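In this note's numbering, the protein residues as written are 231 to 612. Below: the structure, in structure tokens.
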């Protein structure tokens with residue numbers, strides 16, 4: 231206020247002004263003022279930076295923010311910054327960072343040759359099944375929203391209690407990668423009609439490749455038999471402790487514990503793969519970008535890009551193309567893991583959208599996705 235009054239005339243009394251700003255600014259019992267919601271703060275910081283971008287010091291601050299997107303505050307400011315400013319240097323800086331993330335790895339393809347070691351364990355992975363016909367999409371959506379709220383609250387609590395461990399370089403790099411792709415997604419969604427198609431395609435493929443390089447990093451770790459054994463042994467030990475904790479009547483043998491640990495290990499890895507694809511779809515997907523998505527994914531032409539393309543079509547265009555999915559899954563280079571992920575994606579879509587009996591039968595027949603059988607009333611499941 232003092233800085234403003236040194237330069238400008240204020241025709242409104244300060245107390246009236248603050249009262250009018252009450253939706254944005256809050257006052258505590260000690261007469262201290264702050265933004266009512268953090269997003270107001272991020273919005274106005276980004277607005278200030280965008281309006282003073284020609285200042286070298288401001289540009290340095292912007293680079294610092296973009297280089298540290300693993301910090302939530304920086305990520306939110308960057309999103310608003312790309313909303314306020316069309317300065318090409320901001321886009322170039324974000325793209326430069328994206329190219330450096332997990333750059334030791336090539337983008338994953340999910341082809342048979344690439345993940346042969348994973349396909350060999352596909353029989354241990356749970357199979358996707360269509361939900362019962364009596365489960366409504368509305369109920370499923372509500373349950374998922376409740377789970378999501380709980381997860382977000384838990385994440386906020388963790389962030390508040392624990393700062394990111396600077397020595398955990400992989401964790402920091404992962405978070406940085408995820409946030410960078412989210413910012414890139416905001417850019418292409420907000421600029422879907424104002425950026426040239428070539429630029430949209432470049433940003434989309436670079437953002438997609440960040441996550442696919444993360445998958446390659448995962449594969450590099452888990453294909454090592456030594457790493458597999460260490461993690462399986464760790465899970466087996468925890469299962470033993472769990473048995474002791476609950477006082478199980480029948481103790482499992484070491485072989486049984488190891489078998490269960492292996493099942494947990496490979497299922498966990500599968501759901502990480504599916505989760506990364508899901509994250510790409512929701513970070514970069516939009517019904518405004520259908521042409522861009524189709525062109526980029528068709529040119530890349532891998533099972534991974536196939537999953538991303540049809541995931542976006544399902545999620546944002548509500549378009550489930552069963553024949554095309556069947557055709558793609560039957561391609562020679564399509565890995566078993568990619569097939570499992572495709573089926574799970576279809577089941578996920580069917581859980582959230584109404585599907586009539588005829589279409590459910592087509593999914594069961596063409597994609598070979600079974601449905602949960604409802605037992606007669608009064609009959610217990612064995």
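Built from N, CA and C at the ideal position, the CB exists for glycine as well. Here the structure is a predicted model, which means the values were calculated and not measured.
TODO: Excluding the 5 residues preceding and the 5 following residue 347 in the sequence, name in chain order all residues of the same chain whose CB lies nearer than 7 angstroms to its CB.
DONE: In the chain shown, counting from the first residue as 1, residue 347 sits at position 117. For residue 347, where only same-chain residues beyond five positions count, the Cβ hits under 7 angstroms are 453.
- [ ] Return no unless some Cβ of chain B is closer than 8 angstroms to the Cβ of residue 315.
- [x] No chain B is present in this structure, which holds just one protein chain.
Task: Residues near residue 323 in its chain [Cβ-Cβ closer than 7 angstroms; skip 5 each side] - done: As a working mapping, residue 323 is identified with position 93 in the chain shown. Cβ neighbours of residue 323 within its own chain (closer than 7 angstroms, five residues either side excluded): 293, 296.
Task: Distance, residue 314 Cα to residue 595 Cα - done: Position 365 of the chain shown holds residue 595. Position 84 of the chain shown holds residue 314. If I take the Cα positions, the gap works out to 50 angstroms.
Open item on the list: Less than 8 angstroms between the beta carbons of residue 563 and residue 341, yes or no?
Closed with: Stepping through the chain shown from its first residue, residue 563 is reached at position 333. Stepping through the chain shown from its first residue, residue 341 is reached at position 111. Their beta carbons are under 8 angstroms apart, which means residue 563 touches residue 341 by this criterion.
- [ ] Under 7 angstroms Cβ to Cβ from residue 442, same chain only, skipping five residues before and after it: list those, please.
- [x] As a position in the chain shown, residue 442 is number 212, starting the count at 1. If we look at residue 442 and ignore the five residues flanking it on each side, its Cβ neighbours are 337, 338, 534.
Open item on the list: So, with DSSP's three-state summary, where would you put residue 412?
Closed with: Stepping through the chain shown from its first residue, residue 412 is reached at position 182. Correct three-state label for residue 412: helix.
Open item on the list: Just to confirm the assignment, what range does the beta strand (DSSP E) spanning residue 263 have?
Closed with: By one-based count along the chain shown, residue 263 stands at place 33. Looking at the DSSP string, the run of the beta strand (DSSP E) that includes residue 263 is 263–265.
- [ ] For my contact list, residue 360 and residue 571 are in at a C-beta cut-off of 8 angstroms; report their separation, rounded to the angstrom.
- [x] Translated into positions along the chain shown, residue 360 becomes position 130. Translated into positions along the chain shown, residue 571 becomes position 341. In fact, because the Cβ distance is near 16 angstroms, the residues do not count as touching under 8 angstroms.
Task: Residues near residue 391 by beta carbon distance below 7 angstroms, same chain, minus five either side - done: Position 161 of the chain shown holds residue 391. With a pLDDT of 45 at residue 391, under the threshold of 50, the predicted position of this residue should be treated as unreliable, and no value is reported.
- [ ] Kindly indicate which residue of 585, 330, 263, 301 has the alpha-carbon position closest to the one of residue 444.
- [x] Indexing the chain shown from 1 puts residue 444 at position 214. Per the Cα distances, 330.
Task: Sheet register partners of residue 257 (DSSP bridge) - done: Within the chain shown, residue 257 is the residue found at index 27, counting from 1. Residue 257 pairs with 263.
Open item on the list: List, from N- to C-terminal side, the alpha helix (DSSP H) runs of 4 residues or more that fit wholly inside the segment 465–539.
Closed with: Whole alpha helix (DSSP H) segments, 4+ residues: 484–514, 520–530.
TODO: Identify whether residue 360 lies in helix, strand or coil by the three-state DSSP scheme.
DONE: Walking along the chain shown from the start, residue 360 turns up at place 130. In the displayed model, residue 360 falls within a strand according to three-state DSSP.
TODO: Ignore the nearest five residues each way along the sequence and tell me which others in residue 371's own chain have a CB closer than 7 angstroms to its CB.
DONE: Taking the first residue of the chain shown as 1, we reach residue 371 at position 141. Excluding sequence neighbours, residue 371 sits near 582.
Open item on the list: Given a cut-off of 8 angstroms on the beta-carbon distance, is the pair residue 552 and residue 523 in contact?
Closed with: Against the chain shown, residue 552 aligns to sequence position 322. Against the chain shown, residue 523 aligns to sequence position 293. Cβ atoms of residue 552 and residue 523: not closer than 8 angstroms.
Task: Separation of residue 597 from residue 556, as counted between CA atoms - done: For the purposes of this step, residue 556 is taken as residue 326 along the chain shown, with counting starting at 1. For the purposes of this step, residue 597 is taken as residue 367 along the chain shown, with counting starting at 1. Rounded to whole angstroms, residue 556 to residue 597 spans 6 angstroms at the Cα level.
Task: Range of the contiguous alpha helix (DSSP H) that encloses residue 572 - done: Here residue 572 refers to the residue found at position 342 when the chain shown is read from its first residue. Start and end: 566–582.
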